[in-house]
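First up is the structure itself, then whatever we jot down about it.
In full-length UniProt numbering, the protein residues as written are 1 to 532.
Below, the structure is given as structure tokens:
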């Protein structure tokens, strides 16, 4: 049996403003009792009146209203051996009596317009109509399934008056057997019709349904069915899944609410994704300038020390359609003379080494961040790769910055060193960073443009002994010393730009005519020799 309360309605002549409604789910037999209020005492009295007509049910479904969850009502159900289940919050589809409310209120409104405003006087006629109409789910009227025959309606009385059927002489025993057979037949037909209707509606509903499932302990957001204003957030939370009482309902614990744990239908829930980037942002000390994750993340070169493949370069750059065979051969000879520079293997410049000073000599030591077992395995693999590339070494230092793992949707996890405390104590160096728009304007009139991509420039710059000591980083499984300039140091971008300006000093030009390319190649060759 499903029960609920509807109201407040206009106060009737007897002082009632609420309706306690009930539906038997087997026969769809409805009942409604007018009550003055929906307190626990009024609800239990109305339920006793309903049970006197329909009997005490084995199970009752209701919403989470205080009238049905109070101590008095709960004890009332326990005393009579009634199992109580509650509907999920803000999901009226789980309680069919909600649909009954819409029908009975519409019928009462029509009857009140015709015969007066006292809806309670029109309630018996409304219930009589609902009990004698054929139900779509069962194919029978509710009264026919309860009493074994339909109730005598005005049209039946009129028919009997016209036809005046002859009364049949039958014994009580024959009448009882006929009634039992008729009810058994009605039950079989009703069950068959309900099954067919249920399958039909399920097929229609499942066309656009998507199977979703949450695990216990998972964080979810709950749809805000009532908002204080139109600009309020649509989803609230996050909440924690405590249990799964049914296939589509979940008990969610929400902190800060009156009832911390409530039942929610799965249609009101969606997974909560934590924004790890907000936690793992790195800031440039004094300037409080945010760095992009791409700049701070440790990127790895392709660990293939093979010499460059000129045929692949020629195909990728479509050189055959742009240069003559002589020019292609000249380019091949140029790359061949400097094949180590154009290799995928990391180089190491001898021109400079990165060094920086601290404002204070007080050592900066941070504890390693707490990471899961899965994140630890990823970090161990990345540390091993850096050790194999001779980018870092195992060591000890009185300075230690923690390493974190940046994870974002659609990208592989990337290790990153949190140098925020160290950067706040570093004496900042400055060098003008190149403006890409100015570079494009300078070569806009060129017919030929040569583009050279440096492979992991930061890792080609060695660190001084002092910088190695300051730049040490720590994980939950060890301390490591960087040998090359790591990502995340406050002076790294300026130092790298200064080095590039020094290396490419003689290449700040372009050939406006084809005949000057040979001079450009010679200048480029001298610059490439300086990079060795």
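Just so you know, even glycine gets a beta-carbon here, dropped at the ideal spot from N, CA and C.
Check for me: the beta strand (DSSP E) holding residue i runs from which residue to which?
{"i": "residue 420", "result": "Per DSSP, residue 420 belongs to no beta strand (DSSP E); it is in the alpha helix (DSSP H), 420–423."}
{"i": "residue 270", "result": "269–271"}
{"i": "residue 218", "result": "First-last for residue 218: undefined, no H or E at that position."}
{"i": "residue 346", "result": "That residue, residue 346, is in no beta strand (DSSP E); it is neither H nor E in DSSP."}
{"i": "residue 262", "result": "261–265"}
{"i": "residue 251", "result": "249–253"}
{"i": "residue 401", "result": "401–406"}
{"i": "residue 357", "result": "Looking at the DSSP string, residue 357 is not in any beta strand (DSSP E), and its letter there is neither H nor E."}
{"i": "residue 480", "result": "478–482"}
{"i": "residue 474", "result": "473–475"}
{"i": "residue 414", "result": "414–417"}
Return the Cβ separation of residue i and residue j in integer angstroms, given the expectation that the two are a contact with Cβ distance under 8 Å.
{"i": "residue 27", "j": "residue 142", "result": "5 Å"}
{"i": "residue 73", "j": "residue 43", "result": "6 Å"}
{"i": "residue 84", "j": "residue 60", "result": "5 Å"}
{"i": "residue 203", "j": "residue 136", "result": "Between residue 136 and residue 203 the Cβ distance is about 16 Å, and since that is not below 8 Å, they are no contact."}
{"i": "residue 425", "j": "residue 358", "result": "5 Å"}
{"i": "residue 108", "j": "residue 126", "result": "6 Å"}
{"i": "residue 399", "j": "residue 470", "result": "5 Å"}
{"i": "residue 482", "j": "residue 466", "result": "Not confirmed; about 12 Å, so no contact."}
{"i": "residue 56", "j": "residue 62", "result": "Contact flag wrong, Cβ pair sits at about 15 Å."}
{"i": "residue 82", "j": "residue 106", "result": "Between residue 106 and residue 82 the Cβ distance is about 30 Å, and since that is not below 8 Å, they are no contact."}
One question on the structure: do residue i and residue j come within less than 9 Å of each other, judged by their Cβ atoms?
{"i": "residue 421", "j": "residue 401", "result": "yes"}
{"i": "residue 37", "j": "residue 17", "result": "yes"}
{"i": "residue 383", "j": "residue 392", "result": "yes"}
{"i": "residue 486", "j": "residue 394", "result": "no"}
{"i": "residue 30", "j": "residue 140", "result": "no"}
{"i": "residue 9", "j": "residue 119", "result": "yes"}
{"i": "residue 1", "j": "residue 23", "result": "yes"}
{"i": "residue 387", "j": "residue 346", "result": "no"}
{"i": "residue 260", "j": "residue 216", "result": "no"}
{"i": "residue 464", "j": "residue 353", "result": "yes"}
{"i": "residue 40", "j": "residue 70", "result": "yes"}
{"i": "residue 504", "j": "residue 349", "result": "no"}
{"i": "residue 19", "j": "residue 123", "result": "yes"}
{"i": "residue 234", "j": "residue 351", "result": "no"}
{"i": "residue 266", "j": "residue 213", "result": "yes"}
{"i": "residue 97", "j": "residue 3", "result": "yes"}
{"i": "residue 484", "j": "residue 452", "result": "no"}
{"i": "residue 411", "j": "residue 356", "result": "no"}
{"i": "residue 64", "j": "residue 262", "result": "yes"}
{"i": "residue 246", "j": "residue 121", "result": "no"}
Taking the alpha helix (DSSP H) that residue i belongs to, which residues open and close that run?
{"i": "residue 502", "result": "492–503"}
{"i": "residue 436", "result": "436–442"}
{"i": "residue 379", "result": "373–388"}
{"i": "residue 243", "result": "Segment 235–243 is the beta strand (DSSP E) holding residue 243; no alpha helix (DSSP H) there."}
{"i": "residue 336", "result": "325–337"}
{"i": "residue 393", "result": "Not the alpha helix (DSSP H): residue 393 falls in the beta strand (DSSP E), residues 392–394."}
{"i": "residue 466", "result": "465–470"}
Answer yes or no: does any C-beta atom of chain D fall closer than 9 Å to that of residue i?
{"i": "residue 397", "result": "Structure shown: chain D not included; a single protein chain is present."}
TODO: Note down, one range per segment and in chain order, each beta strand (DSSP E) of at least 3 residues found wholly within the UniProt domain "Integrase catalytic" (1–150).
DONE: 2–6, 18–24, 29–35, 59–62 and 83–86
Task: Contact the segment 371–382 vs the segment 439–448: 3+ CB pairs below 8 Å - done: no
- [ ] Say whether the segment 261–276 touches the segment 212–224, bearing in mind that this needs 3 or more beta-carbon pairs closer than 8 Å, one atom from each stretch.
- [x] yes
Open item on the list: Quick check: the segment 461–476 against the segment 363–376, are at least 3 beta-carbon pairs closer than 8 Å?
Closed with: Contact holds: three or more Cβ-Cβ distances are below 8 Å.
Task: Cβ contact (3+ pairs, closer than 8 Å) linking the segment 422–433 and the segment 488–508 - done: Yes: the two stretches touch, three or more of their Cβ pairs being nearer than 8 Å.
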